[in-house]
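Heads up, the thing below is written out as structure tokens.
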Amino acid sequence: MPTLTPQERNAIEVEIVDTLCTVYDPEIPVNIYELGLIYDITVGKEGDVKVEMTLTSPGCPVAGTLPGEVEAKVKRVEGVTDAKVELVWEPPWSMDRMSDEAKLELGML
């Protein structure tokens, strides 16, 4: 497999963000990216991707399904050879992580 250039890796990351904007927390009508649930996206030189994400709380009802949904959608992005999602709890999620768009959508601005 050829090594991806930094520009190709950046383009894949942009596509991943676009894809993550189609994934919604079923309890909140805002996508997980704008909610601030995605902490980090790393695209490796061979198209392998690692996503660090969290949930609004450890007791979130979608804890068992949402990370798998994210992983499956990321794997379908063109140029991605493999994807792993790591669920992290530090730092804890707070409303401060939400984008202005998410706050506006929820009537918080």
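If you read the sequence shown in numbering that gives the first Met the number 0, its first letter stands for residue 0, the second for the next number, and so on. In this text, a Cβ means the ideal position worked out from N, Cα and C, and glycines have one as well.
State the Cα-Cα distance for the pair residue 14 and residue 29, rounded to the nearest angstrom.
18 Å
Determine which residues share a DSSP beta bridge with residue 72 and list them.
Per DSSP, none; premise fails for residue 72.
Pull the bridge partners of residue 23 from the DSSP assignment, please.
30
So the alpha helix (DSSP H) residue 101 belongs to, where does it begin and stop?
99–104
Quick one: what's residue 82 bridged to in DSSP?
48
Less than 8 Å between the CB atoms is what I'm expecting for residue 2 and residue 49, so what's the real figure, rounded?
At roughly 17 Å, the Cβ-Cβ gap does not stay under 8 Å, so residue 2 and residue 49 are not in contact.
Residues of its chain near residue 8, where Cβ-Cβ distance is below 6 Å and the 5 sequence neighbours each way are ignored
42
Anticipated Cβ contact below 8 Å, residue 84 with residue 69, distance rounded
5 Å
Under the rule that 16 or more other beta-carbon atoms within 10 Å means buried, what is residue 16, buried or exposed?
exposed
Whether residue 58 touches residue 97 by CB criterion (9 Å):
no
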